[in-house]
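S.K.:
Residue numbers (this note's numbering): 19 to 329.
(1) Which residues in the same chain as residue 160 place their Cβ atom closer than 6 Å to its Cβ, once the five residues preceding and following it in sequence are excluded?
(2) Quick test of the definition: if touching needs 3 or more C-beta pairs under 8 Å, does the stretch 235-247 touch the stretch 311-322?
(3) May I ask you to list the residues that DSSP assigns as paired with residue 96?
(4) Quick one: using the 10 Å Cβ neighbour count with 16 as the cut-off for buried, is residue 257 buried or exposed?
(5) Per the DSSP calculation, residue 242 is bridged to which residue(s)?
(6) Which whole-angstrom value is the C-beta distance of residue 286 and residue 235, which I expect to be below 8 Å?
(7) Per DSSP, what kind of secondary structure is residue 190 in: helix, strand or coil?
(8) Could you pull the start and end residues of the beta strand (DSSP E) that residue 155 belongs to?
(9) Kindly indicate which residue of 135, 325 and 223 has the alpha-carbon position closest to the one of residue 309.
(10) What is the residue span of the alpha helix (DSSP H) that residue 298 lies within?
(11) Below 7 Å between beta carbons: does that hold for residue 132 and residue 181?
(12) Considering only residues of the stretch 245-276, which uninterrupted beta strand (DSSP E) runs meet the minimum length of 3 residues and lie entirely inside it, listed in chain order?
(13) For the candidate residues 192, 303, 295 and 214, whose alpha-carbon lies nearest to that of residue 30?
(14) In whole angstroms, give me the CA-to-CA distance for residue 208 and residue 324.
(15) If you compare alpha carbons, which of 45, 267, 60 and 312 is closest to residue 233?
(16) Could you tell me the distance, in whole angstroms, from the CA atom of residue 296 to the CA atom of residue 210?
(17) I'd like to check one pair, residue 197 with residue 231: are the Cβ atoms closer than 7 Å?
(18) Grab me the residues of residue 254's own chain with a C-beta within less than 8 Å of its C-beta, minus the 5 sequence neighbours each way, in chain order.
(19) Return the CA-CA distance between residue 282 and residue 41, expressed in angstroms with no decimal places.
(20) With a CB to CB cut of under 7 Å and the five nearest residues on each side skipped, what residues in its chain are close to residue 64?
(21) Within 10 Å of its beta-carbon, does residue 144 have 16 or more other beta-carbons around it, so buried, or fewer, so exposed?
(22) Run the CB neighbour count on residue 168, radius 10 Å, all protein chains shown included, and call it buried at 16 or more, exposed below.
(23) Taking the straight line between their C-alpha atoms, what separation do you get for residue 269 and residue 214?
(24) Below 7 Å CB to CB, which residues in the same chain sit around residue 45 once its five sequence neighbours on both sides are set aside?
(25) Could you give the DSSP three-state label for residue 306: helix, strand or coil?
(26) Suppose you measure from the CA of residue 252 to the CA of residue 26; what does that come to, to the nearest Å?
(27) Pull up the distance between the alpha-carbon of residue 112 and that of residue 102, whole angstroms please.
(28) Grab me the residues of residue 56's own chain with a C-beta within less than 7 Å of its C-beta, minus the 5 sequence neighbours each way, in chain order.
(29) Just the Cα atoms here: how many angstroms apart are residue 217 and residue 183?
(30) Quick test of your reading: residue 271 and residue 21, contact by CB under 8 Å. State the CB separation rounded to the nearest angstrom.
(31) Given residue 229, which residues of its chain have a CB within under 6 Å of its CB, disregarding the five upstream and five downstream residues?
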């Protein structure tokens with residue numbers, strides 16, 4: 019089974035590596051090359067990008083979405099949506115959720131990964147139903163964590179509840195990089211055994227386990243995974259796209275992606291990233307403390323940046 023690749027370079031990669039500061043002007047010159055790769059989707063909106071556009075970059079986030087859609091018409095565009103919180107920091111009324119989703123679809127969004135930090139399906143229901151009602155792809159999310167209260171059955175129950183709500187696929191979102199390879203294999207295997215659903219895995223590289231977790235999940239039958247182009251990968255971010263493409267080449271899971279096309283994209287971002295060095299986090303390798311602290315990779319550089327501003 020071919021594995022679908024979602025590259026997060028235009029959203030979660032820079033949110034995790036340099037505090038969500040990547041500007042549209044640095045996205046558009048490489049957009050055609052990204053569109054030509056053949057990704058399953060490109061994550062480019064949502065999460066902290068909406069806030070960062072307005073608060074720090076002086077950009078219109080809606081214009082960003084429209085311009086990216088115009089520049090990348092062949093590849094499904096994906097966003098991260100905080101369920102009832104939308105892209106804000108409080109709950110919004112159901113009619114606001116519905117209207118926001120309608121506008122996002124109208125402006126070019128194709129795939130909505132909908133999550134709730136508390137893993138409460140009630141907080142995802144309105145958004146998921148709105149996405150489907152407007153003809154877009156609704157992806158429900160298991161926000162992976164570990165605690166005495168979180169067992170395998172917890173995730174199976176949440177999967178069932180999301181399927182009852184109505185989803186097109188489900189993502190396992192390991193935002194802190196704490197999903198062990200063996201736990202990934204067990205979780206994917208059990209979900210696939212019990213439910214007919216397309217399954218996607220998102221891992222952060224912070225603790226050093228992400229590549230192994232992706233590979234074990236692929237062995238267990240996951241349908242798609244998130245990666246980031248190599249020059250925008252690792253540390254607080256994600257496994258490198260090229261490394262996984264090379265790992266799976268010639269196997270039954272071959273992604274079909276061209277390493278040379280990916281290298282050209284990596285070379286571009288290698289230079290662009292230098293502009294944002296002031297916002298880079300302190301982490302240079304892995305941080306095993308996250309196995310205990312469980313802080314999301316997408317939060318760390320933003321937190322560091324905010325603390326510097328307050329110092």
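We treat Cβ as the ideally placed atom computed from N, Cα and C, and that holds for glycine. Model, not experiment: these values are computed from the prediction.
M.R.: In this structure, then:
(1) 173, 176 and 190
(2) no
(3) 61 and 129
(4) buried
(5) Note: residue 242 sits in a beta bridge opposite 22 and 218.
(6) Incorrect: roughly 29 Å between the Cβ atoms, too far for contact.
(7) Three-state DSSP puts residue 190 in a strand.
(8) 155-161 is the span of the beta strand (DSSP E), which, as asked, contains residue 155.
(9) It is 223 whose Cα lies nearest to the Cα of residue 309.
(10) Neither: residue 298 is in no alpha helix (DSSP H) and is coded neither H nor E.
(11) no
(12) none
(13) 192
(14) Residue 208 and residue 324 have their C-alpha atoms spaced approximately 40 Å apart.
(15) 267
(16) 43 Å
(17) Between residue 231 and residue 197, the gap from beta carbon to beta carbon is short of 7 Å.
(18) Once the five neighbours on either side are set aside, the close Cβ partners of residue 254 are 34, 35, 222, 223, 224, 299, 301, 315, 316, 318 and 319.
(19) 20 Å
(20) Taken in chain order, the residues that qualify are 29, 97, 98, 99 and 105.
(21) buried
(22) exposed
(23) 24 Å
(24) 28 and 86
(25) Coil.
(26) Rounded to whole angstroms, residue 252 to residue 26 spans 12 Å at the Cα level.
(27) 8 Å
(28) 274 and 275
(29) 16 Å
(30) The beta-carbon distance between residue 271 and residue 21, rounded to whole angstroms, is 5 Å. This is short enough to meet the 8 Å contact definition.
(31) 257
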